[in-house]
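*Asks:* Following the UniProt record's numbering, the numbering of the sequence shown begins with 1 at its first residue and continues without gaps. Built from N, CA and C at the ideal position, the CB exists for glycine as well.
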Amino acid sequence: MKILDEFEITDSKKLVLSTGEYRGSERVDLRQYIKVKDKDEYVPTKRGVNFDMEWLDHFIKMVNKLKDI
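1) For ASP68, which of helix, strand or coil comes out of DSSP?
2) How would you write the range of the beta strand (DSSP E) that ASP52 sits in, first residue to last?
3) Drop a sphere of 10 angstroms on the beta-carbon of TYR33, count the other beta-carbons inside from all chains shown, and report buried for 16 or more, exposed for fewer.
4) Going along the chain, which residues of its own chain have a beta-carbon closer than 7 Å to the beta-carbon of SER12, five neighbours each way excluded?
5) Taking VAL28 as part of the beta strand (DSSP E), name the residues at either end of that continuous run.
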């Protein structure tokens, strides 16, 4: 897994954009991470999306539609 970007949502949550390989397919992952209590470590949650890299252009078009709201 290669982390491309991240930003803090709150003191204990952050959003992480990463890429990685799964079963021979390059994947994109946008996931919420939470901070482990009493540590500086974050762990991934089930909240997020994961999709094949070939869908990236379509995903970007979908997200860009939010600018029109």
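*Replies:* From the atom records:
1) Residue mapping note: residue 68 aligns to position 68 of the sequence shown, counting from 1. Here ASP68 sits in helix by DSSP.
2) Residue mapping note: residue 52 aligns to position 52 of the sequence shown, counting from 1. Counting along the chain, ASP52 sits inside the beta strand (DSSP E) bounded by residues 42–52.
3) Looking up residue 33 in the sequence shown gives position 33. Looking at its Cβ environment, which holds 16 or more other Cβ atoms inside 10 Å, TYR33 is buried.
4) Residue numbering aside, residue 12 sits at position 12 when the sequence shown is read from its first letter. Here the set comprises ILE34, LYS35.
5) Along the sequence shown, one-based indexing puts residue 28 at 28. Looking at the DSSP string, the run of the beta strand (DSSP E) that includes VAL28 is 25–35.
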